[in-house]
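*Asks:* In the numbering used here, the protein residues as written are 5 to 105. By construction, the Cβ of each residue, glycine as well, lies at the ideal position given by its N, Cα and C atoms. The structure presented is a predicted model; accordingly, all values stated were derived computationally and were not measured. If you scroll down you'll find the structure; I have some questions about it.
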């Protein structure tokens, strides 16, 4: 038995697993191709804008302030997937959303 696959179905709902797939596809398409450049260059403002446009900046925040109010599990998914592609980029995302809202 594949324990990773089993744990995924135990720990996450189908909606959360689908959301994870969406975030992973975004990361593969938008972040992975420029991951090395991010480490060498200036703050990736345009990429942060793409992350925001995809709805991954305000996952924890209420809709009244521009968030999506999805909850902690969705924030964890976003953090895991973006960090797996480029940890520094996710630190920038989290600093923007958790320190400043």
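Distance, Cα to Cα, residue 99 vs residue 14?
*Replies:* Approximately 30 angstroms, taken between the alpha carbons.
*Asks:* From which residue to which residue does the alpha helix (DSSP H) around residue 44 run?
*Replies:* Note, residue 44: alpha helix (DSSP H), 39 to 44.
*Asks:* Return the CA-CA distance between residue 90 and residue 19, expressed in angstroms with no decimal places.
*Replies:* Computed Cα separation, rounded: 24 angstroms.
*Asks:* Report buried or exposed for residue 95, applying the criterion of at least 16 other Cβ atoms within 10 angstroms of its Cβ.
*Replies:* Its Cβ having fewer than 16 others within 10 Å, residue 95 is exposed.
*Asks:* Take the Cβ of residue 85 as the centre, count every other Cβ of all protein chains shown within 10 Å, and call the residue buried at 16 or more, exposed below.
*Replies:* Buried, because 16 or more other Cβ atoms sit within 10 Å of the Cβ of residue 85.
*Asks:* Could you tell me if residue 48 is buried or exposed, where buried requires 16 or more neighbouring beta carbons within 10 angstroms of its beta carbon?
*Replies:* Burial call: buried.
*Asks:* Can you list, in chain order, the residues of its chain with a C-beta nearer than 6 angstroms to that of residue 63? Leave out the 5 residues immediately preceding and following it.
*Replies:* Taken in chain order, the residues that qualify are 72, 74, 78, 79, 82.
*Asks:* For residue 37 and residue 43, I'd like the C-alpha separation in whole angstroms.
*Replies:* Their backbone Cα atoms lie some 12 angstroms apart in a straight line.
*Asks:* Using the C-alpha atoms, what's the distance from residue 45 back to residue 58?
*Replies:* In a straight line, the C-alpha of residue 58 is about 23 angstroms away from that of residue 45.
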